[in-house]
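> Attaching a single structure in structure tokens format; questions to follow.
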RNA sequence: GGCUCUAUCGUCUAACGGUUAGGACGGAUCCUUCUCAAGGAUCAAAUCAGGGUUCGAUUCCCUGUAGAGUCACCA
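This is the structure we're talking about:
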């Protein structure tokens, strides 16, 4: 017997902006399908006409595009009414479902719905992460599977579609375990085979509650894009929420995740979404970026008013790339840093309080003398060799001869940046270049 | 409340009967150029409790406790 091809699916409903929590299930299904050279199907579950919106469908489509999770097939349930109808008719004929008269208690309720004739049995199924699970379906009663023949409900459409699309593995969160027995009942009624189930851990917030829509943590996925997170960072982080490959390596590319992913290593206990860890993972992926990619991101996040500063130019940004990136965990922070003026001194002469040039309890005369000796030492360095290594060498020689290095280093750095906190004077002078450095030091005198 | 599931540092987790219970994030301390950042080093930090089973339990079983999920004419 030949191996059955793996087919997985992810089925979001377009009733809100697709949030990060959902990414993990999508990812697991994607990884599993790719690992076994199977198919990954994306299905838009838009059977609820009042809550489903086209804009939300476009939204999750954009998320998949951004994350680079490619799907092999795409379906919209709202376009499959005829298929569901066919099954509904068949089950009606077989008396496995029936049209039920209802007492109308609330506005909007129908006087007639379609109910499933519950065989009231014990349903037992094997879950790849939870083991064997058993439910008495009697308590479910004759649950409703369609409003009417034209409008089937979730449990029914899911089962029909999974059957029609030959889904072999259903990987989802444990919030769905209690849905499983009734879906199995429907499967048995339409004669569908039972797929492999794998119910992963629930993603929790800091309060240990399931991520809910109004949780500040479950932001719409694209906000992460807008804030300069890397898809590979978010993917790596989400993959590790409730799964891990066992080793000590933590930073994985998408391809590596495909290689490593396995159902057996999915976790049972709920996993708390820890934003700080995301920051770290994302930063690790930033470090992995090639230089030109880093530049691209940096440039995208520099505010326009900075780009209009007198000495702004891309070459200078290129030189600043390391100090910019050292200070961030996602690129949006570059924008923040520029917005509060952190780096303006690189493109325009700083304005500062002269008194602050003086280090601790040194005198103005000493400070002047120190700056002067720095100037003459710096002048010796050729313009085309004005590197941080060279400036460091000459400046440190002077600094070490003083009673404390700060007597020299502080006024130099401050004269260059005008800031209490800034990168070190060596890298600043390299970025500024010999002329600008000397001129700012001169001015400080 | 019913049903179902879960339980290792604060967090994500490793250890699938035998380890000084490992790693990472975060935290603390120190070092590395005055400051900031990055980097390096070191430290603190856990097997929910009680019973079994076993020569031996984080690991298997039971009870308790705690937590989570779910109980729609939503998905």
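Residue numbers (our numbering): 3 to 447.
For glycine and all other residues, C-beta sits at the position ideal for the given N, C-alpha and C.
For the putative contact between residue 352 and residue 419, defined by C-beta atoms under 8 Å, what is the C-beta separation to the nearest angstrom?
Indeed, because the Cβ distance is near 6 Å, the residues count as touching under 8 Å.
> Any idea which residues DSSP pairs residue 138 with across the strands?
BP columns for residue 138 point to 124.
> Please name the residue, chosen from 109, 326 and 124, that lies closest to residue 143 on a Cα-to-Cα basis.
The shortest C-alpha separation from residue 143 is found at 124.
> Which residue comes first and which comes last in the alpha helix (DSSP H) that contains residue 91?
Where residue 91 is concerned, the enclosing alpha helix (DSSP H) stretches over 83–95.
> Going residue by residue through the segment 291–343, where are the continuous alpha helix (DSSP H) segments of at least 4 residues, counting only ones entirely within it?
With a minimum length of 4 residues, the continuous alpha helix (DSSP H) runs that stay inside the segment 291–343 are 293–303, 306–309, 316–328 and 334–341.
> Going by DSSP, name the residue or residues bridged to residue 21.
Bridge partners of residue 21: 222.
> Just to check my reading of the structure: residue 377 and residue 444 have Cβ atoms closer than 8 Å, yes? What is that Cβ distance to the nearest angstrom?
Right, the Cβ-Cβ distance comes to about 7 Å (below 8 Å), so this counts as a contact.
> Suppose you measure from the CA of residue 342 to the CA of residue 324; what does that come to, to the nearest Å?
Approximately 19 Å, taken between the alpha carbons.
> Taking DSSP as the reference, what is the three-state secondary structure of residue 16?
Residue 16 falls in the coil class under three-state DSSP.
> Alpha carbon to alpha carbon, how far is residue 22 from residue 43?
Cα-Cα distance, rounded: 19 Å.
> Using CA atoms only, rank isn't needed, just tell me which of 307, 28 and 97 is closest to residue 119.
Of the candidates 307, 28 and 97, the one whose C-alpha sits nearest the C-alpha of residue 119 is 97.
> Could you compute how far the alpha carbon of residue 275 sits from the alpha carbon of residue 207?
Distance between the alpha carbons of residue 275 and residue 207 is about 6 Å.
> For residue 448, tell me which candidate among 110, 391, 385 and 366 has the shortest Cα-Cα distance.
No statement about residue 448 is possible, as the shown extent of the chain runs from 3 to 447 and does not include it.
> From what residue to what residue does the alpha helix (DSSP H) around residue 164 run?
Unbroken alpha helix (DSSP H) run through residue 164: 156–166.
> With DSSP as the reference, label residue 76 as helix, strand or coil.
Strand at residue 76.
> Do residue 225 and residue 253 have their C-beta atoms within less than 8 Å of each other?
Their beta carbons are not under 8 Å apart, which means residue 225 does not touch residue 253 by this criterion.
> Spatial neighbours of residue 401 within its chain, please: CB distance less than 6 Å, with the 5 preceding and 5 following residues excluded, ordered by chain position.
Within the same chain, residue 401 has close Cβ partners 407, 410 and 411.
> In chain order, what are the residue ranges of uninterrupted alpha helix (DSSP H) at least 4 long that sit wholly in the segment 346–390?
Runs of the alpha helix (DSSP H) inside the segment 346–390: 366–381.
> Leaving aside the five residues before and after residue 4 along the sequence, list all residues of the same chain whose C-beta is less than 6 Å from its C-beta, in chain order.
Here residue 4 scores only 49 on pLDDT, less than 50, and its place in the model should not be relied on; the value that follows carries that caveat. None.
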